[in-house]
Amino acid sequence: MSRIGKKPVTVPQGVDVNVAPGSISVKGKHGDMKLAFHANMKVSYDSGARSIEIKRPNDEPQNRALHGLTRSLINNMVRGVTEPFEKRLEIQGVGYNATLQGKVLQLQVGYANAVRLPIPPN
C-alpha cells in the first residue's frame, strides 16, 4: 500500500469537510476549496476522529498513483484553508543582501544596481 495514501488526513478544529460522491469540499477561516477526485478513489470523513481516509480498489499502477495523489491534494486543501499563504526567501552566497526599508524590499543579488520591490498590501 502507498505510504502517503494510507496516512489519514487530520482535520483541525474550525475546518468543515463535506464529502459528496466524486467530490470533496473543505471550508476554513482562510477560504474554501473543492476537489473532484477520480471515481476509483473512495474518500470518507470520520467527524468523530476528525480525519479523512482515502481507499483504492486494487493495486493497479494507475490506482496506486491516484491513491497518493488524492491524499496529497486533500491534505494541501486542508492546509490551505487553515494557514495563510506565505513565501520564504533564502539568500545564500557571498555579496548577496536583502534589506527592508519601510514598504520597499531592497535586494542586492548580483546585479549592478540594487533591485527595489514594493511590498504588496496584506
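Count along the sequence shown from 1, then add 13; that gives the number in my numbering. Where a beta carbon is used, it is the ideal one built from N, C-alpha and C, also for glycine. Just so you know, these numbers come straight off a predicted model, no measurement behind them.
What would DSSP say about residue i, mapped onto helix, strand or coil?
{"i": "Ile147", "result": "Residue 147 is absent from the model: the chain starts at 14 and stops at 135."}
{"i": "Ser60", "result": "coil"}
{"i": "Asn126", "result": "coil"}
{"i": "Val107", "result": "coil"}
{"i": "Val22", "result": "strand"}
CB-CB under 6 Å to residue i, same chain, minus the five flanking residues each way: which ones, in chain order?
{"i": "Lys40", "result": "Asp29"}
{"i": "Asn88", "result": "Val22"}
{"i": "Tyr119", "result": "At residue 119 the sequence reads Gln, which differs from the Tyr that was named. Closer than 6 Å at Cβ, skipping near neighbours: Thr112, Ala127, Arg129."}
{"i": "Ser38", "result": "Asn31, Lys47"}
{"i": "Gln121", "result": "Asn110, Ala127"}
In the DSSP assignment, the beta strand (DSSP E) including residue i goes from what residue to what residue?
{"i": "Gln121", "result": "117-121"}
{"i": "Val32", "result": "29-33"}
{"i": "Leu113", "result": "110-114"}
Looking only at its chain, what residues have a beta carbon closer than 8 Å to the beta carbon of residue i, apart from the 5 residues adjacent to it on each side?
{"i": "Val94", "result": "Val28, Val39, Lys40, Gly41, Lys42, His43, Gly44, Asp45, Met46"}
{"i": "Ala49", "result": "Gly35, Ser36"}
Near residue i, what residues of its chain come up, given a Cβ to Cβ distance below 7 Å and the 5 sequence neighbours on each side ignored?
{"i": "Ala52", "result": "Gly35"}
{"i": "Leu86", "result": "Leu48"}
Q: Could you say if the stretch 98-111 and the stretch 76-84 meet the contact criterion of at least three C-beta pairs nearer than 8 Å?
A: no
Q. Is the stretch 28-44 close to the stretch 57-70, with three or more CB pairs under 8 Å?
A. yes
Q.
Give the list of continuous alpha helix (DSSP H) stretches no shorter than 4 residues that lie fully inside the stretch 36-98.
A. 74-95
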